[in-house]
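Undergrad:
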Amino acid sequence: MTTQFYDRLSNDLTQLFESGANYVSIEVSEEEIPLTNIYKVHSIILQFRSPYFKKKFDEINSNDKVLKLPNISVKVFNVIIKYIYGGKISLKKLENSVIFDLLIASNELELDELVEHLQSHLVNDNVSWLRLKFAQIYKTSYQVKNFKIIRDFCNNIIAKYPNTIFESENFHSLPEDALVSILKQDDLQLEESKLWEYVIEWGKAKNPNLPTDLDKWKSDNFLSLKKTLKGCLPHIRYFSFSNDDVVEKIYPYQQLLEYQLFSDINIKFISPTKPISSIVLPPRKILETTLPTRITPILLSSNIITNEHALEISSWIDRKEIPYIENNPYEFKLLVRGSRDGFEVKTIYNICDKVSKTIIILKVECTGEILGGVKDSKYAIYHYPSESDFSFSAALCLIGNLKTEKCHCTENFGYPKPIRSSEFEFSVEEYEVFKISPRK
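Numbered according to the UniProt record's numbering, the sequence shown spans residues 1 to 440.
What follows is the structure in C-alpha coordinates.
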(Lines of atoms letter the chains of each structure in order from A and count residues from 1; the text may use other names and numbers.)
(Lines give C-alpha, C1' and ligand atoms only; values in the text may rest on other atoms or scores of the structure.)
Protein backbone atom coordinates (compact mmCIF):
# COMPACT_ATOMS: atom_id res chain seq x y z
CA MET A 1 0.00 0.00 0.00
CA THR A 2 1.28 3.48 -0.87
CA THR A 3 0.98 6.22 1.75
CA GLN A 4 0.54 9.73 0.36
CA PHE A 5 1.60 12.86 2.29
CA TYR A 6 0.13 15.52 0.04
CA ASP A 7 -0.79 17.98 2.80
CA ARG A 8 2.79 18.22 4.08
CA LEU A 9 4.12 18.47 0.52
CA SER A 10 1.64 21.24 -0.23
CA ASN A 11 2.57 23.16 2.92
CA ASP A 12 6.31 22.85 2.26
CA LEU A 13 6.03 24.09 -1.31
CA THR A 14 3.80 26.97 -0.19
CA GLN A 15 6.47 27.97 2.35
CA LEU A 16 9.10 27.77 -0.40
CA PHE A 17 7.08 30.27 -2.43
CA GLU A 18 6.62 32.57 0.55
CA SER A 19 10.35 32.46 1.39
CA GLY A 20 11.35 34.06 -1.95
CA ALA A 21 14.59 32.07 -2.06
CA ASN A 22 16.35 31.53 -5.44
CA TYR A 23 13.63 33.28 -7.31
CA VAL A 24 12.73 34.87 -10.60
CA SER A 25 10.04 37.56 -10.76
CA ILE A 26 6.61 37.67 -12.35
CA GLU A 27 5.01 41.09 -12.78
CA VAL A 28 1.21 41.21 -12.73
CA SER A 29 -0.39 44.57 -13.51
CA GLU A 30 -3.97 45.77 -13.96
CA GLU A 31 -5.09 48.47 -16.38
CA GLU A 32 -8.47 49.30 -14.81
CA ILE A 33 -7.01 49.66 -11.31
CA PRO A 34 -3.45 51.08 -11.30
CA LEU A 35 -1.88 48.15 -9.48
CA THR A 36 1.30 46.15 -10.05
CA ASN A 37 2.47 43.19 -7.98
CA ILE A 38 5.82 41.45 -8.22
CA TYR A 39 5.80 37.74 -7.35
CA LYS A 40 9.06 35.97 -6.47
CA VAL A 41 8.68 32.49 -7.92
CA HIS A 42 10.79 29.46 -8.80
CA SER A 43 10.93 28.91 -12.53
CA ILE A 44 11.60 25.17 -12.25
CA ILE A 45 8.34 24.63 -10.34
CA LEU A 46 6.26 26.78 -12.69
CA GLN A 47 7.76 25.09 -15.76
CA PHE A 48 6.84 21.63 -14.52
CA ARG A 49 3.34 22.72 -13.47
CA SER A 50 2.47 24.70 -16.60
CA PRO A 51 3.44 24.24 -20.29
CA TYR A 52 2.79 27.98 -20.71
CA PHE A 53 5.49 28.90 -18.20
CA LYS A 54 7.89 26.36 -19.69
CA LYS A 55 7.64 28.10 -23.07
CA LYS A 56 7.87 31.57 -21.56
CA PHE A 57 10.93 30.87 -19.42
CA ASP A 58 12.61 29.22 -22.40
CA GLU A 59 11.98 32.35 -24.47
CA ILE A 60 13.17 35.04 -22.07
CA ASN A 61 16.83 35.95 -21.72
CA SER A 62 18.55 34.13 -18.87
CA ASN A 63 19.70 37.49 -17.49
CA ASP A 64 16.16 38.87 -17.53
CA LYS A 65 14.56 37.75 -14.28
CA VAL A 66 11.16 39.38 -14.82
CA LEU A 67 8.25 37.77 -16.71
CA LYS A 68 5.27 40.08 -17.29
CA LEU A 69 1.63 38.90 -17.31
CA PRO A 70 -0.43 41.94 -18.39
CA ASN A 71 -3.71 40.10 -19.03
CA ILE A 72 -4.22 38.61 -15.55
CA SER A 73 -5.43 40.52 -12.50
CA VAL A 74 -3.65 40.47 -9.16
CA LYS A 75 -6.70 38.93 -7.47
CA VAL A 76 -6.76 36.08 -10.01
CA PHE A 77 -3.01 35.43 -9.94
CA ASN A 78 -3.05 35.25 -6.14
CA VAL A 79 -5.29 32.19 -6.48
CA ILE A 80 -3.28 30.68 -9.33
CA ILE A 81 0.12 30.90 -7.66
CA LYS A 82 -1.23 29.23 -4.51
CA TYR A 83 -2.64 26.44 -6.68
CA ILE A 84 0.66 26.00 -8.54
CA TYR A 85 2.68 25.68 -5.33
CA GLY A 86 0.22 24.13 -2.91
CA GLY A 87 -2.31 22.38 -5.12
CA LYS A 88 -5.13 24.15 -3.25
CA ILE A 89 -7.67 26.83 -4.10
CA SER A 90 -10.56 28.39 -2.20
CA LEU A 91 -13.44 29.86 -4.20
CA LYS A 92 -15.61 30.62 -1.17
CA LYS A 93 -15.16 34.40 -1.09
CA LEU A 94 -14.67 34.98 -4.80
CA GLU A 95 -17.38 36.63 -6.89
CA ASN A 96 -18.58 34.61 -9.86
CA SER A 97 -17.16 37.15 -12.30
CA VAL A 98 -13.72 36.69 -10.70
CA ILE A 99 -14.07 32.91 -10.88
CA PHE A 100 -14.81 33.21 -14.59
CA ASP A 101 -11.75 35.45 -15.04
CA LEU A 102 -9.80 32.82 -13.11
CA LEU A 103 -11.05 30.19 -15.57
CA ILE A 104 -9.90 32.26 -18.56
CA ALA A 105 -6.49 32.89 -16.98
CA SER A 106 -6.07 29.22 -16.06
CA ASN A 107 -6.73 28.28 -19.66
CA GLU A 108 -4.19 30.83 -20.88
CA LEU A 109 -1.61 29.39 -18.49
CA GLU A 110 -2.51 25.84 -19.66
CA LEU A 111 -3.53 24.64 -16.19
CA ASP A 112 -5.86 21.94 -17.54
CA GLU A 113 -6.74 20.43 -14.17
CA LEU A 114 -7.85 23.82 -12.85
CA VAL A 115 -9.74 24.64 -16.07
CA GLU A 116 -11.84 21.49 -15.72
CA HIS A 117 -12.47 22.06 -12.01
CA LEU A 118 -13.59 25.67 -12.45
CA GLN A 119 -15.96 24.78 -15.29
CA SER A 120 -17.55 22.06 -13.16
CA HIS A 121 -17.84 24.46 -10.23
CA LEU A 122 -19.68 27.07 -12.32
CA VAL A 123 -21.99 24.54 -13.96
CA ASN A 124 -22.82 22.67 -10.75
CA ASP A 125 -22.96 25.50 -8.21
CA ASN A 126 -23.59 28.75 -10.10
CA VAL A 127 -26.28 28.03 -12.69
CA SER A 128 -28.16 31.24 -11.89
CA TRP A 129 -25.14 33.42 -12.61
CA LEU A 130 -24.37 31.56 -15.84
CA ARG A 131 -27.94 32.17 -17.02
CA LEU A 132 -27.73 35.86 -16.09
CA LYS A 133 -24.57 36.29 -18.19
CA PHE A 134 -25.60 33.67 -20.72
CA ALA A 135 -24.82 35.36 -24.05
CA GLN A 136 -21.38 36.50 -22.89
CA ILE A 137 -20.56 33.07 -21.41
CA TYR A 138 -21.74 31.20 -24.50
CA LYS A 139 -19.73 33.44 -26.82
CA THR A 140 -16.60 32.96 -24.72
CA SER A 141 -17.08 29.19 -24.59
CA TYR A 142 -16.67 29.07 -28.38
CA GLN A 143 -13.77 31.48 -28.47
CA VAL A 144 -11.92 29.29 -25.94
CA LYS A 145 -11.91 25.72 -27.25
CA ASN A 146 -11.11 24.08 -23.89
CA PHE A 147 -14.40 25.19 -22.30
CA LYS A 148 -16.27 22.05 -23.35
CA ILE A 149 -18.13 21.56 -20.04
CA ILE A 150 -19.57 25.08 -20.14
CA ARG A 151 -20.21 24.85 -23.88
CA ASP A 152 -22.23 21.63 -23.45
CA PHE A 153 -24.14 23.20 -20.57
CA CYS A 154 -25.01 26.23 -22.72
CA ASN A 155 -26.07 24.09 -25.70
CA ASN A 156 -28.43 22.17 -23.44
CA ILE A 157 -30.01 25.42 -22.21
CA ILE A 158 -30.35 26.76 -25.75
CA ALA A 159 -32.03 23.57 -26.95
CA LYS A 160 -34.74 24.00 -24.29
CA TYR A 161 -34.93 27.81 -24.29
CA PRO A 162 -33.78 29.11 -27.72
CA ASN A 163 -34.80 32.70 -26.97
CA THR A 164 -32.05 32.81 -24.36
CA ILE A 165 -29.59 33.35 -27.21
CA PHE A 166 -31.69 34.33 -30.23
CA GLU A 167 -33.36 37.26 -28.44
CA SER A 168 -30.14 38.34 -26.77
CA GLU A 169 -28.62 41.70 -27.64
CA ASN A 170 -25.35 39.81 -28.27
CA PHE A 171 -26.84 37.40 -30.81
CA HIS A 172 -25.42 39.21 -33.84
CA SER A 173 -21.88 38.91 -32.45
CA LEU A 174 -22.20 35.15 -31.96
CA PRO A 175 -19.28 33.27 -33.61
CA GLU A 176 -20.19 31.24 -36.69
CA ASP A 177 -19.14 27.91 -35.17
CA ALA A 178 -21.40 28.60 -32.17
CA LEU A 179 -24.40 29.27 -34.43
CA VAL A 180 -23.65 26.16 -36.52
CA SER A 181 -23.52 24.10 -33.32
CA ILE A 182 -27.01 25.33 -32.41
CA LEU A 183 -28.37 24.55 -35.89
CA LYS A 184 -27.12 20.98 -35.62
CA GLN A 185 -29.21 20.24 -32.53
CA ASP A 186 -32.08 17.84 -33.25
CA ASP A 187 -33.92 18.79 -30.05
CA LEU A 188 -33.83 22.56 -30.57
CA GLN A 189 -37.26 23.79 -29.45
CA LEU A 190 -37.85 26.25 -32.27
CA GLU A 191 -39.91 26.17 -35.46
CA GLU A 192 -37.70 25.83 -38.52
CA SER A 193 -39.13 28.87 -40.26
CA LYS A 194 -38.37 31.04 -37.21
CA LEU A 195 -34.86 29.61 -37.03
CA TRP A 196 -34.39 30.51 -40.72
CA GLU A 197 -35.36 34.11 -39.93
CA TYR A 198 -32.77 34.29 -37.15
CA VAL A 199 -30.06 32.89 -39.44
CA ILE A 200 -30.89 35.47 -42.13
CA GLU A 201 -30.88 38.22 -39.48
CA TRP A 202 -27.45 37.07 -38.22
CA GLY A 203 -26.06 37.02 -41.76
CA LYS A 204 -27.37 40.51 -42.53
CA ALA A 205 -25.75 41.84 -39.36
CA LYS A 206 -22.42 40.56 -40.69
CA ASN A 207 -23.06 42.51 -43.92
CA PRO A 208 -24.19 45.96 -42.75
CA ASN A 209 -23.91 47.45 -46.26
CA LEU A 210 -26.73 45.32 -47.68
CA PRO A 211 -29.77 47.36 -48.81
CA THR A 212 -32.54 47.54 -46.23
CA ASP A 213 -35.21 46.96 -48.87
CA LEU A 214 -34.98 43.39 -50.20
CA ASP A 215 -36.57 44.46 -53.48
CA LYS A 216 -33.44 46.53 -54.19
CA TRP A 217 -31.03 43.63 -53.74
CA LYS A 218 -28.85 42.64 -56.66
CA SER A 219 -27.18 39.30 -57.35
CA ASP A 220 -23.99 40.48 -55.64
CA ASN A 221 -25.94 41.20 -52.46
CA PHE A 222 -27.34 37.68 -52.34
CA LEU A 223 -23.88 36.29 -53.13
CA SER A 224 -22.35 38.19 -50.18
CA LEU A 225 -24.99 36.87 -47.78
CA LYS A 226 -24.62 33.36 -49.19
CA LYS A 227 -20.86 33.41 -48.51
CA THR A 228 -21.48 34.58 -44.95
CA LEU A 229 -24.01 31.80 -44.33
CA LYS A 230 -22.02 29.08 -46.09
CA GLY A 231 -21.53 27.08 -42.87
CA CYS A 232 -25.11 27.57 -41.66
CA LEU A 233 -27.26 26.83 -44.71
CA PRO A 234 -26.60 23.04 -44.85
CA HIS A 235 -28.10 22.61 -41.36
CA ILE A 236 -31.51 24.17 -42.01
CA ARG A 237 -34.32 21.56 -42.17
CA TYR A 238 -35.88 22.97 -45.35
CA PHE A 239 -38.35 20.13 -45.77
CA SER A 240 -39.88 20.86 -42.36
CA PHE A 241 -41.25 24.22 -43.53
CA SER A 242 -44.98 24.58 -44.04
CA ASN A 243 -46.12 25.42 -47.57
CA ASP A 244 -46.95 28.97 -46.52
CA ASP A 245 -43.50 29.44 -44.98
CA VAL A 246 -41.82 28.13 -48.13
CA VAL A 247 -43.60 30.84 -50.12
CA GLU A 248 -43.19 33.65 -47.60
CA LYS A 249 -39.73 32.97 -46.21
CA ILE A 250 -37.66 30.79 -48.56
CA TYR A 251 -38.74 32.13 -51.97
CA PRO A 252 -37.53 35.71 -51.27
CA TYR A 253 -34.06 34.32 -50.53
CA GLN A 254 -33.98 31.53 -53.12
CA GLN A 255 -30.66 32.83 -54.54
CA LEU A 256 -28.97 31.71 -51.31
CA LEU A 257 -29.71 28.06 -52.11
CA GLU A 258 -28.07 25.72 -54.58
CA TYR A 259 -30.16 25.07 -57.70
CA GLN A 260 -30.82 21.39 -56.94
CA LEU A 261 -31.93 22.09 -53.37
CA PHE A 262 -34.32 24.84 -54.38
CA SER A 263 -35.69 22.61 -57.17
CA ASP A 264 -36.30 19.77 -54.69
CA ILE A 265 -38.07 22.14 -52.28
CA ASN A 266 -40.41 23.08 -55.12
CA ILE A 267 -40.99 19.44 -56.03
CA LYS A 268 -41.92 18.58 -52.44
CA PHE A 269 -44.14 21.64 -52.33
CA ILE A 270 -46.03 20.55 -55.47
CA SER A 271 -45.81 16.75 -55.22
CA PRO A 272 -44.86 15.59 -51.69
CA THR A 273 -44.52 11.88 -52.61
CA LYS A 274 -42.17 12.37 -55.52
CA PRO A 275 -38.52 11.30 -54.83
CA ILE A 276 -35.78 13.94 -54.68
CA SER A 277 -31.98 13.85 -54.66
CA SER A 278 -31.28 16.42 -51.90
CA ILE A 279 -30.47 15.27 -48.37
CA VAL A 280 -33.58 15.49 -46.19
CA LEU A 281 -32.63 16.23 -42.59
CA PRO A 282 -35.05 14.85 -39.97
CA PRO A 283 -37.48 17.33 -38.40
CA ARG A 284 -36.51 18.66 -35.00
CA LYS A 285 -37.95 16.93 -31.94
CA ILE A 286 -40.24 19.67 -30.71
CA LEU A 287 -41.63 18.70 -27.31
CA GLU A 288 -44.52 21.16 -27.37
CA THR A 289 -46.28 21.83 -30.62
CA THR A 290 -48.33 24.60 -29.00
CA LEU A 291 -46.20 27.29 -27.45
CA PRO A 292 -47.47 29.12 -24.33
CA THR A 293 -48.99 32.55 -24.82
CA ARG A 294 -46.30 35.16 -24.54
CA ILE A 295 -47.03 37.78 -21.89
CA THR A 296 -46.38 41.33 -23.01
CA PRO A 297 -43.37 42.47 -20.97
CA ILE A 298 -43.80 45.37 -18.58
CA LEU A 299 -41.08 48.00 -18.92
CA LEU A 300 -38.89 47.78 -15.83
CA SER A 301 -38.32 51.19 -14.25
CA SER A 302 -34.80 50.78 -12.92
CA ASN A 303 -31.44 52.52 -13.18
CA ILE A 304 -29.67 49.47 -11.73
CA ILE A 305 -31.12 46.14 -12.87
CA THR A 306 -32.24 44.73 -16.22
CA ASN A 307 -35.24 42.57 -17.08
CA GLU A 308 -32.91 39.56 -16.86
CA HIS A 309 -32.06 40.52 -13.28
CA ALA A 310 -35.77 40.86 -12.48
CA LEU A 311 -36.41 37.36 -13.85
CA GLU A 312 -33.60 36.05 -11.67
CA ILE A 313 -35.04 37.71 -8.56
CA SER A 314 -38.49 36.32 -9.34
CA SER A 315 -36.94 32.86 -9.59
CA TRP A 316 -35.48 33.30 -6.09
CA ILE A 317 -38.88 34.36 -4.78
CA ASP A 318 -40.51 31.21 -6.17
CA ARG A 319 -37.49 29.05 -5.25
CA LYS A 320 -37.19 27.86 -8.84
CA GLU A 321 -34.29 25.52 -9.59
CA ILE A 322 -34.47 26.54 -13.24
CA PRO A 323 -34.75 30.36 -13.40
CA TYR A 324 -37.42 32.11 -15.42
CA ILE A 325 -36.32 32.92 -18.96
CA GLU A 326 -39.31 35.08 -19.93
CA ASN A 327 -42.85 35.91 -18.80
CA ASN A 328 -42.00 37.31 -15.38
CA PRO A 329 -44.86 36.37 -13.00
CA TYR A 330 -44.22 39.46 -10.85
CA GLU A 331 -44.51 43.20 -11.33
CA PHE A 332 -41.75 45.41 -9.89
CA LYS A 333 -43.25 48.73 -8.74
CA LEU A 334 -40.67 51.37 -7.89
CA LEU A 335 -41.21 52.91 -4.44
CA VAL A 336 -37.97 54.77 -3.73
CA ARG A 337 -34.91 55.75 -5.75
CA GLY A 338 -31.87 57.47 -4.28
CA SER A 339 -31.23 59.86 -7.17
CA ARG A 340 -34.90 60.86 -7.13
CA ASP A 341 -35.90 60.74 -3.45
CA GLY A 342 -32.63 61.16 -1.56
CA PHE A 343 -30.04 58.87 0.02
CA GLU A 344 -30.97 59.16 3.72
CA VAL A 345 -31.87 55.87 5.42
CA LYS A 346 -34.85 57.64 7.03
CA THR A 347 -36.24 58.27 3.52
CA ILE A 348 -36.44 54.52 2.91
CA TYR A 349 -38.16 54.03 6.26
CA ASN A 350 -40.64 56.89 5.80
CA ILE A 351 -41.82 55.67 2.39
CA CYS A 352 -41.59 51.89 2.82
CA ASP A 353 -42.58 51.40 6.47
CA LYS A 354 -45.37 48.81 6.77
CA VAL A 355 -45.24 48.08 3.03
CA SER A 356 -44.97 44.32 2.58
CA LYS A 357 -43.18 42.29 -0.09
CA THR A 358 -40.41 44.72 -1.00
CA ILE A 359 -36.85 44.32 -2.21
CA ILE A 360 -33.98 46.80 -1.98
CA ILE A 361 -31.19 46.90 -4.57
CA LEU A 362 -27.93 48.82 -4.23
CA LYS A 363 -25.25 49.78 -6.73
CA VAL A 364 -21.84 50.23 -5.06
CA GLU A 365 -19.88 53.40 -5.80
CA CYS A 366 -16.83 52.89 -8.07
CA THR A 367 -17.06 49.08 -8.36
CA GLY A 368 -20.52 48.86 -9.98
CA GLU A 369 -21.43 45.82 -7.82
CA ILE A 370 -25.16 45.17 -7.38
CA LEU A 371 -26.15 44.04 -3.88
CA GLY A 372 -29.41 42.63 -2.57
CA GLY A 373 -31.33 39.45 -1.78
CA VAL A 374 -32.64 37.77 1.36
CA LYS A 375 -32.61 34.04 1.98
CA ASP A 376 -33.85 33.70 5.57
CA SER A 377 -36.77 35.94 6.55
CA LYS A 378 -35.78 35.76 10.24
CA TYR A 379 -32.76 37.91 9.42
CA ALA A 380 -34.37 40.08 6.75
CA ILE A 381 -34.46 43.63 8.12
CA TYR A 382 -33.42 45.37 11.33
CA HIS A 383 -34.15 49.08 11.71
CA TYR A 384 -32.89 51.46 14.40
CA PRO A 385 -34.57 54.89 13.87
CA SER A 386 -32.55 56.61 16.57
CA GLU A 387 -29.28 55.55 14.94
CA SER A 388 -30.34 55.97 11.28
CA ASP A 389 -29.31 52.35 10.79
CA PHE A 390 -31.04 50.00 8.34
CA SER A 391 -29.58 46.48 8.33
CA PHE A 392 -30.05 42.97 7.03
CA SER A 393 -28.80 41.22 10.15
CA ALA A 394 -25.06 42.06 10.12
CA ALA A 395 -24.63 40.86 6.55
CA LEU A 396 -25.47 44.28 5.07
CA CYS A 397 -25.57 47.48 7.12
CA LEU A 398 -26.83 50.76 5.63
CA ILE A 399 -26.01 53.85 7.67
CA GLY A 400 -27.12 57.49 7.59
CA ASN A 401 -26.66 59.02 4.14
CA LEU A 402 -25.78 56.19 1.77
CA LYS A 403 -23.81 58.58 -0.46
CA THR A 404 -21.61 60.21 2.17
CA GLU A 405 -21.41 57.70 5.03
CA LYS A 406 -19.89 54.25 4.87
CA CYS A 407 -22.02 51.12 4.64
CA HIS A 408 -20.49 47.69 5.22
CA CYS A 409 -20.95 43.93 4.85
CA THR A 410 -19.72 41.21 7.20
CA GLU A 411 -19.99 37.42 7.30
CA ASN A 412 -23.12 36.35 9.16
CA PHE A 413 -24.70 33.05 10.12
CA GLY A 414 -28.05 34.18 8.68
CA TYR A 415 -26.68 34.00 5.12
CA PRO A 416 -24.93 31.07 3.39
CA LYS A 417 -22.06 33.26 2.11
CA PRO A 418 -20.93 36.89 2.34
CA ILE A 419 -22.89 39.40 0.25
CA ARG A 420 -19.58 40.97 -0.82
CA SER A 421 -16.20 39.30 -1.23
CA SER A 422 -14.65 42.36 0.45
CA GLU A 423 -15.63 43.45 3.95
CA PHE A 424 -14.37 47.01 3.38
CA GLU A 425 -16.75 49.93 3.82
CA PHE A 426 -18.42 51.35 0.72
CA SER A 427 -20.68 54.16 -0.48
CA VAL A 428 -23.81 53.74 -2.59
CA GLU A 429 -23.99 55.17 -6.12
CA GLU A 430 -27.71 54.39 -6.46
CA TYR A 431 -30.38 52.40 -4.66
CA GLU A 432 -33.95 51.40 -5.44
CA VAL A 433 -36.78 49.80 -3.48
CA PHE A 434 -39.48 47.86 -5.33
CA LYS A 435 -42.78 46.40 -4.20
CA ILE A 436 -43.25 42.95 -5.70
CA SER A 437 -46.76 41.81 -6.61
CA PRO A 438 -48.16 39.04 -8.83
CA ARG A 439 -48.92 40.13 -12.37
CA LYS A 440 -52.59 40.31 -13.21
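Think of the CB as a built atom: it goes at the ideal place given N, C-alpha and C, for glycine as much as any other residue.
Check this for me: beta carbons of K206 and T228, under 8 Å apart or not?
TA: In this structure, T228 lies closer than 8 Å to K206 by Cβ.
Undergrad: Can you tell me where the alpha helix (DSSP H) with S141 in it begins and where it stops?
TA: Per DSSP, S141 is one residue of the alpha helix (DSSP H) stretching across F134 to Q143.
Undergrad: If you draw a straight line from the C-alpha of E150 to the C-alpha of V123, how long is it?
TA: The residue asked about is misnamed: residue 150 is Ile in this sequence, not Glu. I150 and V123: Cα-Cα distance of roughly 7 Å.
Undergrad: Take Y238 and list the residues in its own chain whose beta-carbon comes closer than 6 Å to its own, dropping the five residues that flank it on each side.
TA: I265
Undergrad: Which residue marks the beginning of the beta strand (DSSP E) containing P438, and which one marks its end?
TA: V428 to P438
Undergrad: Can you tell me which of the three DSSP states K363 falls into?
TA: strand
Undergrad: Once you ignore the five residues that flank N107 on each side, which residues in its own chain have a CB closer than 7 Å to its CB?
TA: V115, V144 and N146
Undergrad: Taking Cβ to Cβ, would you say E365 is nearer than 8 Å to S302?
TA: Between E365 and S302, the C-beta spacing is not below 8 Å.
Undergrad: Quick one: using the 10 Å Cβ neighbour count with 16 as the cut-off for buried, is S271 buried or exposed?
TA: exposed
Undergrad: When you compare only the Cα positions, how much space is there between L300 and E344?
TA: 24 Å
Undergrad: Looking at the secondary structure, which residues open and close the alpha helix (DSSP H) in which D215 lies?
TA: Run containing D215: none; DSSP gives neither H nor E here.
Undergrad: Are the beta-carbon atoms belonging to V199 and C232 less than 8 Å from one another?
TA: yes
Undergrad: For the region 186-203 and the region 212-221, state whether three or more C-beta atom pairs, one from each stretch, are separated by less than 8 Å.
TA: The region 186-203 vs the region 212-221: no contact.
Undergrad: Entirely within the region 146-210 and at least 4 residues each: give me those alpha helix (DSSP H) ranges in chain order.
TA: 148-160, 163-166, 176-183 and 192-205
Undergrad: Let's test the definition: count the other Cβ atoms within 10 Å of the Cβ of R8 and tell me whether it reaches 16, buried, or not, exposed.
TA: Exposed, since its Cβ has fewer than 16 Cβ neighbours within 10 Å.
Undergrad: Taking only three categories from DSSP, how would you classify P292?
TA: No answer about P292 holds up, because its pLDDT of 45 lies below 50 and its placement is not dependable.
Undergrad: Using C-beta distances below 7 Å, list every residue in its chain close to E308, excluding the 5 sequence neighbours before and after it, in chain order.
TA: Within the same chain, L132 come within 7 Å of E308 by CB-CB distance, once the 5 residues on both sides are set aside.
Undergrad: List the DSSP bridge partners of I235.
TA: Ile is not the amino acid found at residue 235; the sequence shown has His there. According to DSSP, which records beta bridges pairwise, H235 is partnered with nothing at all.
Undergrad: Is it right to say E312 is buried, meaning 16 or more other beta carbons lie within 10 angstroms of its own, or is it exposed?
TA: It is buried - the Cβ of E312 has at least 16 other Cβ atoms within 10 Å.
Undergrad: Could you compute how far the alpha carbon of K222 sits from the alpha carbon of Q255?
TA: Checking the sequence, you will find Phe at residue 222 rather than Lys. Straight-line Cα distance between these residues: approximately 6 Å.
Undergrad: Of the choices Y138, W316, Y6 and N401, whose alpha-carbon is the least far from that of G87?
TA: Y6
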